[in-house]
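Colleague: First the structure, which I've put down as structure tokens, then a few questions once you've had a look.
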Amino acid sequence: MKTQTDIAWDFGAIPMIEPEFLGGILATSSDIALLIDANAKVQSVLLNSAEKLYGNLSHWEGRNLNSFLTIESRPKFAKALERLMGGETIFYGLELNHEDNAHWKFPVRYNIHRLGDKDKILLLGRDLRSLSENQQRLIQAQIAVERSIEEKREYDAHFRMLLNSIKAPVAFVNADTGTILHANSVLMDYLKIDEEAVEITKLQNLLANRNDRRDFVEKLNLAAYGNYELEAVFTTKVEEETVRIAAEIYRTAGQKVLMCTLHQTTDQQNADQDFIQNLVSSFHHSSDAMIFSDAKGGIRYVNERFLDLVNVGHKKEVIGKNLAEYLGRGQIDLAIMLENVTKSGAVKIYSTHLKSGFGSKIDVEASVSKNQSEKNTLVAFIIREVSNLDETMKKSMAHSAHDQMSAKDLVGHATLKEIVSETTDVIEKICIEAALEMTHNNRAAAAEMLGLSRQSLYVKLSKFEI
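See below:
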């Protein structure tokens, strides 16, 4: 068999193919084989048995192939058919998109061959769905890469804007080598670094003393893990200055990075530091017991004097417990103090007693104040020991003159039994008034403090017209 080209088929080299085997060979050498006539009418359809996605296409036979082509493929097929019928040989593959009742579509690349009969045309096709799917994946991957690049540019712009808006010198440093990864303009200006050279500069090389450079990065890592500031002397644009470095460590892309913020040390900062140290020293060495608790009385900080009063050996035995455990009237005392400090902001003097670890009681006076923070509320208790002699003198100074005159007036005018009864009523009234004053007229707390039921207290209030 010869074509119109110079290509010759030597049938002597290949045996003739029997007709019963020809269909199988065509079906297996392609995914789909179509036999059509000059009018594009489908005579026969052969499918590769390995292809299960096509289903049964026997309904194509006897119908025009254009019925199963998409709109854009029909003119392409008509032009190729016209050239073929005109005597040309089509060497390139013809890519057509099929559709079948809008249920599915698939692209196929056909090789078109004329048979001996001029009205018989053979189309051998390869399914392009896998190639099409790969192309779609490639396009989607390309879109994702472009989107990722745009997002990176956006985040980089936000990062640069935020970094340069910080007023303090800030540098992002490789935690292993000390190389500056990013720095804001304030740091570059402060440490005299060129913008072109900033990302190849090591932070330790900017230290004034060469001897300090050896272990500087390791110290910076320890400061970050320990959450404290590191002091270092840098050569700045003015002179050699002592700088405090606050470092925070994090990981990104498998790399440890330190975000270093530099703070200039000023006289005011030193003065503030001295003041804070003096406050801490006064707290620990005060002659009065000092306790800081949360809003519910949970103990957060105590000094040594409080441990002495309650006979506790170490702060760990106290921290985390409730202060009510150490007050004489327990939760009553604590509730009264916390309620009043919440209302007025401070309680000047509140008399009670502390319970020591050995069961003894110590008379004390407490002053209470509260900070204004909403997130970390702390209540401060300053507790001072009061001796029994001082308490007795206070009471005697308040009542001695009145009690002596009353007793003298009664003797000779009433019997001893009547005098004792009258005196008992006076003492009872004084105690009730004192309890009401201590609890700021909280009658439920006053009744509990006096060991009375609420109903008994109301009866006595009516009796003494309080």
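Start counting the sequence shown at 350; every next residue gets the next number (this note's numbering).
Using N, Cα and C, we set each Cβ at its ideal position, and we do this for glycine too.
Nothing here was measured: the structure is a model prediction, and the numbers come from that model.
#1: Residue range of the beta strand (DSSP E) that G575 falls in?
#2: Under the three-state reduction of DSSP, which class applies to Q604: helix, strand or coil?
#3: Is the distance from the Cβ of H612 to the Cβ of R600 below 8 angstroms?
#4: Measure the CB-CB distance between A596 and A557 and report whether it falls below 8 angstroms.
#5: Confirm, please, whether the CB-CB distance from R649 to F655 is below 8 angstroms.
#6: Count the other C-beta atoms from every protein chain shown that fall within 10 angstroms of the C-beta of V494, then say buried if there are 16 or more, exposed otherwise.
#7: Which of the three DSSP states is assigned to L738 in this structure?
#8: Suppose you measure from the CA of I549 to the CA of L511; what does that come to, to the nearest Å?
#9: Using the C-alpha atoms, what's the distance from N791 back to F730?
#10: Does E499 pass the burial test, meaning 16 or more other C-beta atoms within 10 Å, or should it be called exposed?
#11: Please report the distance separating the alpha-carbon of Q489 from that of K501.
#12: Quick one, which of T701, S693, F707, S709 has its alpha-carbon nearest N720's?
#13: Roughly how many whole angstroms lie between the Cα atoms of R509 and V606?
#14: Give me the residue from A795, S393, H462 with the minimum Cα distance to R678.
#15: Pull up the CB-CB distance for R562 and N554, whole angstroms please, since I reckon it's below 8 angstroms.
#16: Is it a yes or a no for the segment 657–677 touching the segment 699–708, going by three-plus beta-carbon pairs under 8 angstroms?
#17: Which ranges does the beta strand (DSSP E) cover as unbroken runs of at least 3 residues, wholly within the segment 695–740, from first to last along the chain?
#18: Could you say which of G404, S379, L414 lies nearest to I385 if we only look at CA atoms?
#19: Expressed to the nearest angstrom, what Euclidean distance is found between the alpha-carbon atoms of S340 and A532?
#20: Apart from the five residues just before and just after W409, which ones in its own chain have a Cβ nearer than 7 angstroms to its Cβ?
#21: Need the endpoints of the beta strand (DSSP E) that D525 sits in, please.
#22: Starting from E653 and walking both ways along the alpha helix (DSSP H), at which residues does that stretch end?
#23: Just verifying my parser: in three-state terms, what is the DSSP assignment at N397?
#24: Take N446 as the anchor and find which of R496, E421, G404 has the nearest alpha-carbon.
#25: Could you check what DSSP says for H447 in three-state terms: helix, strand or coil?
#26: Where are the beta strand (DSSP E) runs, 3 residues long or more, that stay fully inside the segment 455–480, in chain order?
#27: Determine, using beta carbons only, whether R463 and E444 come nearer to each other than 8 angstroms.
#28: Shorter than 7 angstroms, the distance from the beta carbon of D682 to the closest heavy atom of the ligand SAM, or not?
#29: Relative to the C-alpha of D380, which candidate in S407, N388, K710, L472 has its C-alpha closest?
#30: Short of 6 angstroms in beta carbon distance, which residues of its chain neighbour V696, apart from the five on each side in sequence? Order them along the chain.
#31: Using a 10 Å radius around the Cβ and a threshold of 16 neighbouring Cβ atoms, would you call M798 buried or exposed?
#32: Shortest alpha-carbon distance to T788 belongs to which of L683, S805, K724?
#33: Would you decide whether G646 is buried or exposed? Buried here means 16 or more other CB atoms lie within 10 Å of its CB.
#34: Which of helix, strand or coil does DSSP assign to D616?
#35: Once you ignore the five residues that flank A638 on each side, which residues in its own chain have a CB closer than 7 angstroms to its CB?
#36: On the three-state DSSP scale, how would you describe R678?
Modeller: So, from the data block:
#1: To locate residue 575, count along the sequence shown from 1; it is residue 226. Looking at the DSSP string, G575 is not in any beta strand (DSSP E); the run it does join, the alpha helix (DSSP H), is 565–575.
#2: Sequence index remark: in the sequence shown, residue 604 carries index 255 (1-based). Strand at Q604.
#3: Numbered from 1 along the sequence shown, position 263 holds the residue referred to as residue 612. Numbered from 1 along the sequence shown, position 251 holds the residue referred to as residue 600. No.
#4: For the purposes of this step, residue 596 is taken as residue 247 along the sequence shown, with counting starting at 1. For the purposes of this step, residue 557 is taken as residue 208 along the sequence shown, with counting starting at 1. No, the Cβ-Cβ distance between A596 and A557 is not below 8 angstroms.
#5: Locating residue 655 in the sequence shown gives position 306, where the first residue counts as 1. Locating residue 649 in the sequence shown gives position 300, where the first residue counts as 1. Contact flag unset, no.
#6: Position 145 of the sequence shown, counted from the start, is the residue given in the question as residue 494. It counts as exposed.
#7: In the sequence shown, counting from the first residue as 1, residue 738 sits at position 389. In this prediction, L738 scores a pLDDT of 42, lower than 50, which makes its location untrustworthy; the coordinate-derived value is nonetheless stated afterwards. Of the three classes helix, strand and coil, the one that applies to L738 here is helix, per DSSP.
#8: The count along the sequence shown starts at 1 and reaches residue 549 at position 200. The count along the sequence shown starts at 1 and reaches residue 511 at position 162. Approximately 22 angstroms, taken between the alpha carbons.
#9: Residue numbering aside, residue 730 sits at position 381 when the sequence shown is read from its first letter. Residue numbering aside, residue 791 sits at position 442 when the sequence shown is read from its first letter. The alpha-carbon atoms of F730 and N791 are separated by roughly 21 angstroms.
#10: The sequence position of residue 499 within the sequence shown is 150, counting from 1. Result: exposed.
#11: Counted from its first residue, the sequence shown places residue 489 at position 140. Counted from its first residue, the sequence shown places residue 501 at position 152. Cα-Cα distance, rounded: 18 angstroms.
#12: Start at 1 with the first residue of the sequence shown, and residue 720 comes out as number 371. That would be S693, whose Cα lies nearest to the Cα of N720.
#13: Along the sequence shown, read from residue 1 onward, the residue named residue 509 stands at position 160. Along the sequence shown, read from residue 1 onward, the residue named residue 606 stands at position 257. Roughly 17 angstroms between the two C-alpha positions.
#14: In the sequence shown, the residue the question calls residue 678 occupies position 329. Here the closest residue by C-alpha is A795.
#15: For the purposes of this step, residue 562 is taken as the residue at position 213 of the sequence shown. For the purposes of this step, residue 554 is taken as the residue at position 205 of the sequence shown. At roughly 7 angstroms, the Cβ-Cβ gap stays under 8 angstroms, so R562 and N554 are in contact.
#16: yes
#17: 695–704, 710–719, 728–734
#18: The residue labelled residue 385 in the question sits at position 36 within the sequence shown. It is L414.
#19: Nothing can be reported for residue 340, as the shown portion of the chain is limited to 350 through 815.
#20: Against the sequence shown, residue 409 aligns to sequence position 60. If we look at W409 and ignore the five residues flanking it on each side, its Cβ neighbours are V391, V394, F417.
#21: As a working note, residue 525 is residue 176 in the sequence shown. Element bounds for D525: n/a, residue is neither H nor E.
#22: Position 304 of the sequence shown, counted from the start, is the residue given in the question as residue 653. Element bounds for E653: 653–658.
#23: In the sequence shown, the residue the question calls residue 397 occupies position 48. Coil at N397, not helix or strand.
#24: Working through the sequence shown from its first residue, we reach residue 446 at position 97. Ranking R496, E421, G404 by Cα distance to N446 puts E421 first.
#25: Mapped onto the sequence shown, residue 447 falls at position 98. Here H447 sits in strand by DSSP.
#26: 470–476
#27: As a working note, residue 463 is residue 114 in the sequence shown. As a working note, residue 444 is residue 95 in the sequence shown. Their beta carbons are not under 8 angstroms apart, which means R463 does not touch E444 by this criterion.
#28: This structure lacks the ligand SAM, and indeed carries no ligand of any kind.
#29: Working through the sequence shown from its first residue, we reach residue 380 at position 31. Of the candidates S407, N388, K710, L472, the one whose C-alpha sits nearest the C-alpha of D380 is L472.
#30: Indexing the sequence shown from 1 puts residue 696 at position 347. Here the set comprises M686, N689, V690, V717.
#31: For the purposes of this step, residue 798 is identified with residue 449 of the sequence shown, where counting begins at 1. It is buried - the Cβ of M798 has at least 16 other Cβ atoms within 10 Å.
#32: Counted from its first residue, the sequence shown places residue 788 at position 439. The shortest C-alpha separation from T788 is found at L683.
#33: One-based indexing of the sequence shown puts residue 646 at position 297. Per the 10 Å Cβ criterion, buried.
#34: Taking the sequence shown and counting its residues from 1, the one referred to as residue 616 is at position 267. In this predicted model, D616 has a pLDDT of only 48, less than 50, meaning its place in the structure is not dependable; the value taken from the coordinates is given anyway. Helix, per DSSP.
#35: Numbered from its first residue, the sequence shown carries residue 638 at position 289. Answer for A638: N652, R654, F655, L658, I732, listed in chain order.
#36: Within the sequence shown, numbered from 1, the residue matching residue 678 stands at position 329. Residue state, collapsed to three classes: coil.
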